[in-house]
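Here is the structure we will look at.
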Amino acid sequence: MAEYVRDVMTPGVVAVRPDASLVEAAQLMRTQHIGDVVIADGQDVVGVLTDRDITVRAVAEGVDPLAVSVGTVCTPDPLMVAPDDPVSAAVTLMREHAVRRLPVVENGLPVGMVTLGDLAEAEDPGSALADISRAEPDARHGT
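Using my numbering, read the sequence shown as starting at 1389 and increasing by one per residue.
Next up, the structure:
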């Protein structure tokens, strides 16, 4: 397995302000082919919003996605790792807190994301999860 988070993370992040609408975040997820955005207030990471958060915490509750901000639906104060942290530290955090992705922050700025798929690709490139993580989004299914 890779030694450091920087060796397995997906570099770059898509970030939105806490006052952005859920629609804005969802449109970014669609155009970028991603399932999460970082919520940043200035240069501070204040939350993470996933496609599941939008579905379960907003749509399923019947809220208007144009009128609700990402800051009210996101997971606030997310767990984070640094690029120089050991991969084992990221795995431990994910396991202990049952999370599937962690923002990677360096000098206070988000620089990437490490996901279960990233870890699967590094640990077992032939696994089903690694294959799925590498696959291109299927436009027929809206992902």
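For glycine and all other residues, C-beta sits at the position ideal for the given N, C-alpha and C.
As the structure is a prediction and not an experimental result, all values here were calculated from the model.
Check, Outcome
"Whole-angstrom distance between V1493 and M1468, CA atom to CA atom", "7 Å"
"Residue interval of the beta strand (DSSP E) (run including L1490)", "R1489 to E1494"
"Alpha-carbon to alpha-carbon, A1403 and V1436", "9 Å"
"Where A1518 falls: helix, strand or coil (DSSP)", "Residue confidence is low: A1518 scores 48 on pLDDT, short of 50, so the model does not pin down where it sits. Its coordinate-derived value is still stated next. Correct three-state label for A1518: helix."
"Backbone CA spacing between T1398 and G1430 [nearest angstrom]", "22 Å"
"Cβ-Cβ separation, P1406 to L1461 (assumed contact under 8 Å), whole Å", "Here residue 1461 is Val; the residue named in the question, Leu, does not match the sequence. With a Cβ gap of about 10 Å, V1461 and P1406 do not count as contacting."
"For D1439 and V1487, the rounded distance between their alpha carbons", "14 Å"
"Run of the alpha helix (DSSP H) containing V1461, from where it starts to where it stops", "V1458 to V1461"
"Among D1432, G1400 and S1476, the one whose alpha carbon lies nearest that of L1504", "S1476"
"A1518 to A1390 span [Cα, whole Å]", "Reliability fails at A1518, whose pLDDT of 48 lies under 50, so the model's placement of it is uncertain and no value is given."
"Cβ shell of H1529 (< 7 Å), same chain only, five flanking positions each side left out", "With a pLDDT of 46 at H1529, under the threshold of 50, the modelled position of this residue cannot be trusted; read the value that follows with caution. Within the same chain, H1529 has no close Cβ partners at all."
"Straight-line Cα distance separating V1396 from P1471", "9 Å"
"S1409 to D1506 span [Cα, whole Å]", "28 Å"
"Within 9 Å, strictly: CB atoms of D1473 and V1393", "yes"
"Cα-Cα separation, G1500 to E1449", "31 Å"
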